[in-house]
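S.K.: Keeping their order, the protein sequence lines are chains H and C.
Position in the first sequence counted from 1, then plus 62, gives you the working numbering.
Position in the second sequence counted from 1, then plus 3, gives you the working numbering.
Note that CB positions come from ideal geometry on N, CA and C, so glycine has one too.
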Amino acid sequence: MSAPLPTPPEPPPVRDDEAWERLYLERTWAPKKGLIGWLSEVHHTEIGKRYIITAFVFFLLGGIEALLMRWQLSGPEKQVMGPDLYNQVFTMHGSTMMFLFAVPMMEGVGLYLVPLMIGTRNAAFPRLNAFGYWTYLIGGLLLYGGFLLNVGPDAGWFSYVPLAGPQYSPGKRVDIWAQMITFTELAGLAGAVNLIVTVFKHRAPGMSLNRMPLFVWAMLVKSFMVVFAMPAVMVASTSLAMDRLIGTHFFNAAEGGDALLWQHLFWFFGHPEVYIIFIPALGMLSSILAVFTRRQVFGYLPVVLSMVSIGFIGFGLWVHHMFATGLPQLGQSFFTAASLMVALPSGVQIFCWLATLWGGRLWLKLPLYWVLAFFAVFVTGGLTGVMLGTYSVDQQVHDTHFVVAHFHYVLIGGAVFPLFGGLYYWFPKITGRMLGERLGKWNFWTFFLGFNLTFFPLHFLGMMGMPRRVYTYGVERGWQPLNLLATVGAVIMAVSITLLLVNIFWSLKRGEVAGNDPWGADTLEWGTTSPPPSYNFLHLPTVRGRYARWTAAEDQPVVTGVRSDRKEVLVTRLLDAAPDHRAELPGPTLWPLWVALATGVMFIMVIFTPWGIVVGGVLLFITLTGWFWPRPPYKEELAPEQPS
Amino acid sequence: MSPPRRTLDVSHLPTFAFGHRDPLWWGVTGLMAIESTAFVLMLASYFYIRGNYAHFPPTALPFYVKVVAAVITGVMLLSAVPIHYANRAALKGRLRGMRWGLALGSLLGFVVVALRIVEFLWIGFRWDTHAYGSIFWFIVGMHTVHTLSGSLEDLLLLGVLFKGPVEEKHLVDVHTNGRYWFFVVASWLPIYVILYLDPAVLAS
Ligand code: HEM
Chain H
63 MSAPLPTPPE
73 PPPVRDDEAW
83 ERLYLERTWA
93 PKKGLIGWLS
103 EVHHTEIGKR
113 YIITAFVFFL
123 LGGIEALLMR
133 WQLSGPEKQV
143 MGPDLYNQVF
153 TMHGSTMMFL
163 FAVPMMEGVG
173 LYLVPLMIGT
183 RNAAFPRLNA
193 FGYWTYLIGG
203 LLLYGGFLLN
213 VGPDAGWFSY
223 VPLAGPQYSP
233 GKRVDIWAQM
243 ITFTELAGLA
253 GAVNLIVTVF
263 KHRAPGMSLN
273 RMPLFVWAML
283 VKSFMVVFAM
293 PAVMVASTSL
303 AMDRLIGTHF
313 FNAAEGGDAL
323 LWQHLFWFFG
333 HPEVYIIFIP
343 ALGMLSSILA
353 VFTRRQVFGY
363 LPVVLSMVSI
373 GFIGFGLWVH
383 HMFATGLPQL
393 GQSFFTAASL
403 MVALPSGVQI
413 FCWLATLWGG
423 RLWLKLPLYW
433 VLAFFAVFVT
443 GGLTGVMLGT
453 YSVDQQVHDT
463 HFVVAHFHYV
473 LIGGAVFPLF
483 GGLYYWFPKI
493 TGRMLGERLG
503 KWNFWTFFLG
513 FNLTFFPLHF
523 LGMMGMPRRV
533 YTYGVERGWQ
543 PLNLLATVGA
553 VIMAVSITLL
563 LVNIFWSLKR
573 GEVAGNDPWG
583 ADTLEWGTTS
593 PPPSYNFLHL
603 PTVRGRYARW
613 TAAEDQPVVT
623 GVRSDRKEVL
633 VTRLLDAAPD
643 HRAELPGPTL
653 WPLWVALATG
663 VMFIMVIFTP
673 WGIVVGGVLL
683 FITLTGWFWP
693 RPPYKEELAP
703 EQPS
Chain C
4 MSPPRRTLDV
14 SHLPTFAFGH
24 RDPLWWGVTG
34 LMAIESTAFV
44 LMLASYFYIR
54 GNYAHFPPTA
64 LPFYVKVVAA
74 VITGVMLLSA
84 VPIHYANRAA
94 LKGRLRGMRW
104 GLALGSLLGF
114 VVVALRIVEF
124 LWIGFRWDTH
134 AYGSIFWFIV
144 GMHTVHTLSG
154 SLEDLLLLGV
164 LFKGPVEEKH
174 LVDVHTNGRY
184 WFFVVASWLP
194 IYVILYLDPA
204 VLAS
């Protein structure tokens with residue numbers, strides 16, 4: 063790639079000549095080579111891929127933990143694990159799935175796809191992207207490092223105080239959990255700001271807000287929710303860490319603190335979190351639906367509006383996780399009403415999609431399979447959700463396996479099914495090859511079957527009184543048959559995931575070559591090669607309708623005049639995406655990695671000594687200075703006055 | 004593919020822009036949204052904890068601490084003036100104005116940090132004395148971290164402005180940095196009112 067290029071005779075910054083243009087772009091956007099090059103990567107496709115792969119590895123780890131739990135629960139009084147290990151394993155499973163799999167996975171898919179879908183060359187803040195990835199990775203390694211050293215957290219994925227406080231959880235376990243949270247939330251926030259600004263300022267000319275693909279809308283709403291939800295859990299986890307490490311009393315009732323404060327802060331984040339996972343999945347779903355019904359999604363405006371209103375209502379629901387804590391009457395009614403209200407926009411969306419299916423000619427390919435299954439599974443989860451949103455029912459089944467069944471129906475139905483649909487749909491774009499069809503069908507049917515077999519019986523077990531988070535049960539309870547059934551289901555799911563892995567590795571080598579656009583799809587990412595080049599598009603596109611590629615004119619204009627000898631991109635206006643100015647993006651650099659490591663030193667060292675703040679602070683200042691120090695200047699972009 | 008027939012030429016467009024046309028402006032706005040949310044939630048926690056006390060505050064704020072806090076608020080507000088001046092200079096590309104504005108602004112920022120240290124030395128309770136102490140130190144401490152990092156950022160920019168060469172986009176950086184400083188100042192005001200001007204605290 064860095065092979066010496068023939069020097070053009072007289073190098074004008076822009077030429078109308080495709081071959082020269084490509085040559086320039088390739089040289090300008092080429093990543094660095096070798097290990098250093100790998101570590102200094104800042105392009106959104108590469109960072110996005112890393113997020114996706116890392117999150118998938120955590121999904122597998124969380125899945126192994128789930129299997130261990132199902133093995134332990136497959137019969138009464140089994141001895142696969144003792145109570146202490148079981149506590150660690152369900153905490154690890156929950157924390158992994160929520161913080162290290164679901165959220166980063168959605169983030170990764172967004173970071174990979176959004177800049178392509180809106181027709182630009184990279185995300186708005188490439189280095190922030192790299193920083194986010196490294197912090198996320200450090201957080202995940204911290205959690206699993208701790209687990210391997212037998213300091214895995216054991217107070218549940220939401221670490222309620224006082225159990226998680228200094229008195230009842232001595233040792234370092236919960237500290238590791240709290241710091242992992244801080245890391246991953248930092249990464250989440252970095253990614254969210256990046257996505258928001260990319261969507262606001264880098265859309266292709268003509269892609270006004272009301273022409274944005276639904277997927278981009280979903281990512282935008284999700285990112286806004288991250289911005290307003292994640293600070294809550296950072297405040298919470300920092301307070302918890304301080305209670306444990308330097309003797310503050312935020313949650314210590316004896317000194318004026320309050321244990322319920324933790325629950326408020328946590329769920330103020332925790333409930334929106336569910337939508338942070340779910341809304342991107344809706345975006346994937348909308349993309350897939352449009353393409354495989356061969357028509358525009360019914361009711362663009364209602365779908366966008368309901369996504370936005372879910373975004374708002376999602377912040378008014380947190381207290382329904384606390385119905386069992388004894389709330390004032392008014393609070394109970396208010397939050398019950400709010401919880402039921404969220405069913406309205408969800409309903410609007412479901413009906414819009416059903417209408418899309420109704421009027422379309424279904425092209426039954428694998429992505430659509432997962433979407434159709436989503437409807438079945440998610441609606442089931444939604445129904446139990448309406449039940450649980452009612453104060454009186456919640457009082458009955460709170461903390462039983464009924465709840466476990468409910469949230470797995472919503473989380474797996476609402477996020478994992480669309481995600482796998484998305485995997486089958488976008489795999490050709492990311493890798494250039496199609497996933498195998500036959501294995502794919504096996505993968506789908508075993509997963510669907512295994513999933514229902516695992517989780518449907520848990521509804522009954524819950525109503526029979528089987529509590530969650532308890533490592534075993536007595537023979538006399540009569541819970542054995544249903545539990546065994548659930549475990550068999552989990553094994554079938556494991557087989558299914560193995561098939562998926564086989565399919566992925568097989569297809570990477572042997573899969574059918576996809577070409578630019580195997581599905582005849584509407585969004586811009588399908589207009590470039592698969593996988594996309596390091597500069598995304600040879601010519602930056604323009605747009606004149608909602609379904610960019612379906613509505614493009616025969617001679618749809620392309621953008622020229624963006625320099626190809628620098629990493630320049632077009633900045634457009636927020637509402638109408640009219641061209642505004644050109645901006646240069648930074649290239650590969652190691653600074654984000656150093657800053658992430660400095661952050662890592664700070665957060666991990668404070669677990670052991672408050673000096674971590676000082677050491678980390680100094681390191682951060684040094685590394686941030688390196689990050690922000692200007693590159694060598696361009697003559698023609700100097701300010702009017704210069705230091706003498 | 005045949006070569007595209009129509010093109011949209013953007014080569015005449017500028018390579019930088021001030022204000023909300025600039026992507027970094029939005030990035031910093033996002034940062035401010037995040038930090039405002041964090042401060043609001045910390046203040047909400049403060050009220051939550053306040054409600055747990057029959058007698059509030061559990062430890063009175065000494066008179067001279069109240070005075071120091073008032074002085075800090077004054078200096079904070081004052082620091083916005085040179086920064087505003089630096090912003091104006093940035094719009095016009097005037098080097099001297101930016102240098103003076105940033106230098107004075109960061110100096111006042113460091114004065115605030117120094118006064119804060121005095122305040123904390125005199126305040127008479129620690130973060131581990133009671134929950135009131137915890138949340139008080141948390142909020143004020145977090146704000147001090149922002150003041151400190153904002154002032155250091157000013158210094159960094161000053162370094163660029165003195166060493167040169169200065170590019171057009173550095174003018175935008177100065178402007179964006181100034182706007183962030185306004186945020187630091189503005190976020191102090193509700194904190195000051197809630198933590199120090201609460202009638203119960205004033206009367207203690
Ligand atoms: C793939 C198959 C999965 C299986 C077999 C499974 C199984 C389980 C089991 C057995 C428990 C513990 C029940 C108990 O309280 O004793 C559990 C808890 C949990 N699972 Fe899963 N799970 C799976 C996937 C997921 C996914 C994809 C997510 C999230 C996206 C998830 C999120 C959670 C959470 C948050 C908890 C609660 C942990 C806690 O109590 O702190 N699970 N799961």
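Would you say the region 13-20 of chain C touches the region 633-646 of chain H, given that touching needs at least three Cβ pairs under 8 Å?
M.R.: With a cut-off of 8 Å, the region 633-646 of chain H and the region 13-20 of chain C count as touching, because enough Cβ pairs lie within range.
S.K.: Does any heavy atom of ligand 1 sit closer than 7 Å to the C-beta of H/I98?
M.R.: Not so, every heavy atom of ligand 1 lies at least 7 Å from the Cβ.
S.K.: Out of H/R423, H/V404, H/F312 and H/M528, state which residue places its alpha-carbon closest to the alpha-carbon of C/W130.
M.R.: The candidate whose alpha carbon is nearest that of C/W130 is H/F312.
S.K.: Grab me the residues of H/E139's own chain with a C-beta within less than 6 Å of its C-beta, minus the 5 sequence neighbours each way, in chain order.
M.R.: Excluding residues within five positions, the ones whose Cβ falls inside 6 Å are T534.
S.K.: Counting only Cβ-Cβ distances shorter than 9 Å, please list the residues of the region 60-72 of chain C near chain H, keeping chain order.
M.R.: Cβ contacts with chain H: P61.
S.K.: What does the alpha-carbon distance come out to for the pair H/Y487 and H/L501?
M.R.: Straight-line Cα distance between these residues: approximately 15 Å.
S.K.: Would you call the CB atoms of C/L110 and C/L81 closer than 8 Å?
M.R.: Against a cut-off of 8 Å, the Cβ pair of C/L81 and C/L110 comes out as no contact.
S.K.: Which bits of chain H does C/R119 rub up against, with CB to CB less than 7 Å?
M.R.: None at all; the shortest Cβ gap to chain H is about 16 Å.
S.K.: So, is the C-beta of H/F683 closer than 8 Å to a C-beta in chain C?
M.R.: Yes, H/F683 counts as interfacial toward chain C.
S.K.: For C/S190, which residues from the same chain have a beta carbon less than 8 Å from its beta carbon, with the 5 sequence-adjacent residues on both sides left out?
M.R.: For C/S190, where only same-chain residues beyond five positions count, the Cβ hits under 8 Å are E38, S39, F42, H146 and H149.
S.K.: List the residues that DSSP assigns as beta-bridge partners of H/R644.
M.R.: Answer is H/L632, bridged to H/R644.
S.K.: With 16 other CB atoms within 10 Å as the buried threshold, where does H/F567 fall?
M.R.: With fewer than 16 Cβ atoms within 10 Å of its Cβ, H/F567 is classed as exposed.
S.K.: Is H/T300 close to ligand 1? I mean its beta-carbon at under 7 Å from any heavy atom of the ligand.
M.R.: False, no ligand heavy atom lies under 7 Å from that Cβ.
S.K.: Does the region 683-696 of chain H come close enough to the region 656-672 of chain H to have 3 or more Cβ pairs within less than 8 Å?
M.R.: Contact holds: three or more Cβ-Cβ distances are below 8 Å.
S.K.: If we count the other Cβ atoms within 10 Å of its Cβ and call it buried at 16 or more, is C/V187 buried or exposed?
M.R.: Looking at its Cβ environment, which holds 16 or more other Cβ atoms inside 10 Å, C/V187 is buried.
S.K.: Tell me the DSSP secondary structure of C/H23 in three-state form.
M.R.: Note: C/H23 maps to helix in three-state DSSP.
S.K.: Along the beta strand (DSSP E) that carries C/T10, what are the first and last residues, could you check?
M.R.: Residues T10 to D12.
S.K.: In chain order, what residues of the region 620-639 of chain H put their CB closer than 9 Å to some CB of chain C?
M.R.: Taking 9 Å as the Cβ-Cβ cut-off against chain C, the residues of the region 620-639 of chain H that qualify are V620, V621, T622, G623, V624, R625, E630, L632, V633, R635 and L636.
S.K.: Whole angstroms are fine: how far does the CA of H/F118 sit from the CA of H/G422?
M.R.: Approximately 33 Å between the Cα atoms of the pair.
S.K.: Candidates H/G623, H/F517, H/F489 and H/D584: which alpha carbon is nearest H/L600's?
M.R.: The option with the nearest alpha carbon to H/L600 is H/G623.
S.K.: In chain H, what lies closer than 8 Å to C/G104 by C-beta?
M.R.: Within chain H, no residue comes near C/G104; the closest Cβ sits about 14 Å away, beyond 8 Å.
S.K.: Among the candidates H/T560, H/Q394, H/V410 and H/F437, whose CA atom is the shortest distance from the CA of H/L450?
M.R.: Of the listed residues, the one whose Cα sits closest to H/L450 is H/Q394.
S.K.: So is the beta-carbon of H/I474 under 7 Å away from any non-hydrogen atom of ligand 1?
M.R.: Yes, Cβ of H/I474 sits closer than 7 Å to a heavy atom of ligand 1.
S.K.: Contact defined as beta carbons within less than 8 Å: I believe H/P650 pairs with H/P93. What is the distance between those atoms, to the nearest angstrom?
M.R.: About 6 Å; that satisfies the 8 Å criterion.
S.K.: Take C/T199 as the anchor and find which of C/N180, C/Y135 and C/S152 has the nearest alpha-carbon.
M.R.: A small correction: the amino acid at residue 199 of chain C is Tyr; Thr does not occupy that position in the sequence shown. Closest by alpha carbon: C/Y135.
S.K.: Where do the ends of the beta strand (DSSP E) carrying H/T622 lie?
M.R.: Where H/T622 is concerned, the enclosing beta strand (DSSP E) stretches over V620 to T622.
S.K.: DSSP beta-bridge partners for H/V575?
M.R.: Looking at the DSSP assignment, H/V575 forms a beta bridge with H/R495.
S.K.: Do you know how far the Cα of H/E499 is from the Cα of H/V455?
M.R.: The alpha-carbon atoms of H/V455 and H/E499 are separated by roughly 43 Å.
S.K.: Starting from H/P529, follow its DSSP beta bridges and name the residues at the other end.
M.R.: For H/P529, which the question treats as bridged, DSSP gives the partners H/T462.
S.K.: Any chance the CB of H/T153 is under 7 Å from a heavy atom of ligand 1?
M.R.: Checking the Cβ of H/T153 against ligand 1 gives yes.
S.K.: Check whether the region 580-599 of chain H and the region 511-525 of chain H touch, using three or more Cβ-Cβ pairs below 8 Å as the test.
M.R.: The region 580-599 of chain H, when compared against the region 511-525 of chain H, does not touch it at the 8 Å Cβ threshold.
S.K.: Following a CB-centred definition, is H/W653 positioned closer than 7 Å to any heavy atom of ligand 1?
M.R.: Every heavy atom of ligand 1 is 7 Å or more from the Cβ of H/W653, so no.
S.K.: Let me know if H/S592 comes out buried or exposed under the rule of 16 or more other beta-carbons within 10 Å of its beta-carbon.
M.R.: Label assigned to H/S592: buried.
S.K.: Could you tell me which residues DSSP puts in a beta bridge with C/E170?
M.R.: Per DSSP, H/L700.
S.K.: With distances taken from CA atoms, which of H/W588, H/L363 and H/M555 is nearest H/I474?
M.R.: It is H/M555 whose Cα lies nearest to the Cα of H/I474.
S.K.: Is H/W588 a contact residue of ligand 1, with contact defined as CB to any heavy atom under 7 Å?
M.R.: No, ligand 1 has no heavy atom inside 7 Å of this Cβ.
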